[in-house]
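2 protein chains.
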Amino acid sequence: MMAVSYSFCPRYPRVSSISSGRHPWDTQVKKNRRLVFASIQKPANDLCLQSKVQTLLGNVKWDDKGLAVAIAQNVDTGSILMQGFVNQDAILRTISSRKATFYSRSRAMLWTKGETSQNFINIHDIFLDCDRDSIIYLGKPDGPTCHTGSETCYYTSVFDLKEQQQVEGNRLALTTLYSLESTISQRKAETLAEQTGKPSWTKRLLLDNHLLCSKIREEANELCQTLEENEDKSRAASEMADVLYHAMVLLALKDVKMEDVLEVLRQRFSQSGLEEKRSRMSQG
Amino acid sequence: MMAVSYSFCPRYPRVSSISSGRHPWDTQVKKNRRLVFASIQKPANDLCLQSKVQTLLGNVKWDDKGLAVAIAQNVDTGSILMQGFVNQDAILRTISSRKATFYSRSRAMLWTKGETSQNFINIHDIFLDCDRDSIIYLGKPDGPTCHTGSETCYYTSVFDLKEQQQVEGNRLALTTLYSLESTISQRKAETLAEQTGKPSWTKRLLLDNHLLCSKIREEANELCQTLEENEDKSRAASEMADVLYHAMVLLALKDVKMEDVLEVLRQRFSQSGLEEKRSRMSQG
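Residue numbers (my numbering), protein chains in the order written: chain A, 1 to 284; chain B, 285 to 568.
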């Protein structure tokens, strides 16, 4: 879990939570929430935090230039947004501002991602690797991270190289779920553009709400049957894949991103939403 | 999409695909599959590949030590497995072997992750960032990546630091979906350990297959209704979150990981599985 525990640090400033969304789970905040969505003003003045930071900085193995690698990762999708370097001051500023901050080797100065574009990366957690020389900034970006306007800085596949030509192309480094999402989105664009030829299965689903919904209900039912009829693990994985895929076609029709769904899940669980719901159900 | 296009390079060796799984989509391989699951022996002899690699290496901005940062990321889950450095030879070896290979600064030599543990990271794609000095190795790990036996090298949260103490703890840097998976898994362990007190909603679902399956069917139905009754986007995201969460509780009961599900999806889509299915359906 992405627990951010301040329990041993009572004077640590309370962080504000994002309370967007219409679902009751989204707006109720429990004291023991496990994630924070925050910008904290001037917590560096807090002695307890300072002590923590001292401990942290003492644990990082800085290179000969006093730097370590920092990788910014989207807390919801897992996509690697950018990679930079950090020195002690960059980490201090990141912790105090909750905005991912780096050290620019070319400009020899600190810079906070978003200070120009306003596309900050809001920090949820920071992880050190086993060697203590590499850091993950786990955060939620306010907008595209790359200065080119791309969602992430990684959009050039080595395998798209063409002989004797410069690296070109604009294909984000997507992991499986988002790769599937991108394919469905492409099929959707194609269904709008042309109707010739035999449509793919995805296109047929996109064009036929009745077919799509009957498939979603059918696949959900088949997933349940793997439990009810004690089918094997591979069958459950396969049926879940069916549920996910068909549900994602529906999301494409509704213009909803998986990232939006994950944000809902994060907000619910960060607020012990399920316990809230249980509580409401018990009362009702 | 994670397309690996060799179309302009006809002599590039064909790669083998993993053909596991019981689903017909899993075992059928189409020529134009978009992902590779391969180890290629000696492709460096291929002139076309050499030419590509030359282009690649000419495009990387090496630091003053001839190195660039390389981040290994799980192609299915998006988790950051480890981070190392690469020189030209490390990238060459990675491309030729399809196993993530790095340059060890301390030992001043190349090393392939897994050469000792056999936990290789099988490369699916390689991405350069906009500055051309940072690389993502997008791959599938054969087992835990960290030398400690941890799934990834990032298991130390800065926010878990205790005052005046060393950084300790073993909490993986998990993004939302896997954080939720971890919570459900924890609830499952708790239901096995004790039955006292009022169970959480997740525990109730874990203990009552009938309740769980009725919730999965109900939530799938409500997701469909967002399309059928033209409900708003936030409602669709919320219902999809419900479907995902309840389905993941079922997966926990079946001991199936989301990573297994994503692997099924990747294999289907890499083999144009949906088109296969459509074709079969048309025939049937």
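Note that beta-carbon positions come from the ideal geometry of N, C-alpha and C, so glycine has one too.
Query raised in the report: Given that I405/B touches chain A, what residues does it touch there, using C-beta distances under 7 Å?
Result: The contacting residues do not exist; I405/B stays about 14 Å from chain A at best.
Report task. Select from the segment 511–535 of chain B all residues with a C-beta closer than 7 Å to any C-beta belonging to chain A, and list them in chain order. Result -> L511, E512, K517, S518, A520, A521, S522, M524, A525, V527, L528, Y529, A531, L534 and L535
Query raised in the report: Among D544/B, L476/B, E399/B and N493/B, which residue has its Cα nearest to the Cα of Y462/B?
Result: D544/B
Query raised in the report: Excluding sequence positions up to five away, which residues of its chain have a Cβ less than 6 Å from the Cβ of S97/A?
Result: So the list is empty, once near-sequence residues are dropped.
Query raised in the report: Could you give the distance in angstroms between the alpha-carbon of L456/B and the alpha-carbon of V344/B?
Result: 31 Å
**Report entry** Uninterrupted beta strand (DSSP E) stretches inside the segment 101–175 of chain A (no shorter than 3 residues)
**Finding:** You should have 101–104, 109–112, 121–129, 134–141 and 154–157.
Query - Beta carbon proximity, R377/B to chain A, threshold 8 Å - result: no
Query raised in the report: Which chain A residues sit within Cβ distance under 7 Å of L490/B?
Result: Per Cβ cutoff of 7 Å: no residues; L490/B is ~11 Å from chain A at best.
Report task. Using the Cα positions of E231/A and Q470/B, report the straight-line distance between them to the nearest angstrom. Result -> 23 Å
Query raised in the report: Taking the continuous beta strand (DSSP E) assigned at V353/B, which residues delimit it?
Result: It spans A352 to N358 - the beta strand (DSSP E) in which V353/B sits, taken as one unbroken run.
Query - Cutoff 8 Å: L265/A Cβ touching any chain B Cβ - result: yes
**Report entry** Which listed residue (D208/A, A72/A, L81/A and T156/A) has its alpha carbon closest to that of D125/A
**Finding:** Ranking D208/A, A72/A, L81/A and T156/A by Cα distance to D125/A puts A72/A first.
Query raised in the report: Straight-line CA distance for K302/A to L57/A?
Result: Absent from the structure is residue 302/A, since the part of chain A shown begins at 1 and ends at 284.
**Report entry** Spatial neighbours of Q325/B in its chain, beta-carbon cut-off 6 Å, leaving aside the 5 residues before and after
**Finding:** Annotation note: pLDDT 36 at Q325/B (below 50); position unreliable, coordinate value reported separately. Same-chain partners within the cutoff: there are none.
Query raised in the report: A287/B CB to nearest chain A CB: under 8 Å?
Result: Reliability fails at A287/B, whose pLDDT of 30 lies under 50, so the model's placement of it is uncertain and no value is given.
Query raised in the report: Would you report the Cα separation of C437/B and C430/B, rounded to the nearest angstrom?
Result: 5 Å
Query - Residue environment, G350/B, which counts as buried when at least 16 other CB atoms sit within 10 Å - result: exposed
Query - Contact list for the segment 174–189 of chain A against chain B, Cβ threshold 7 Å - result: L174, T175, T176, L177, S179, L180, S182 and T183
Report task. Give the secondary structure of G368/B by DSSP, where H, G and I count as helix, E and B as strand, and everything else as coil. Result -> strand
Query raised in the report: How many Å lie between L244/A and S388/B at the Cα?
Result: 40 Å
Report task. Measuring only between beta-carbons, confirm whether L340/B sits less than 8 Å from chain A. Result -> yes
Query raised in the report: At least one CB of chain B closer than 8 Å to the CB of K254/A: is that the case?
Result: yes
Query raised in the report: In this structure, does DSSP put L538/B in helix, strand or coil?
Result: Before going on, a small fix: residue 538/B reads as Lys here, not Leu. Coil.
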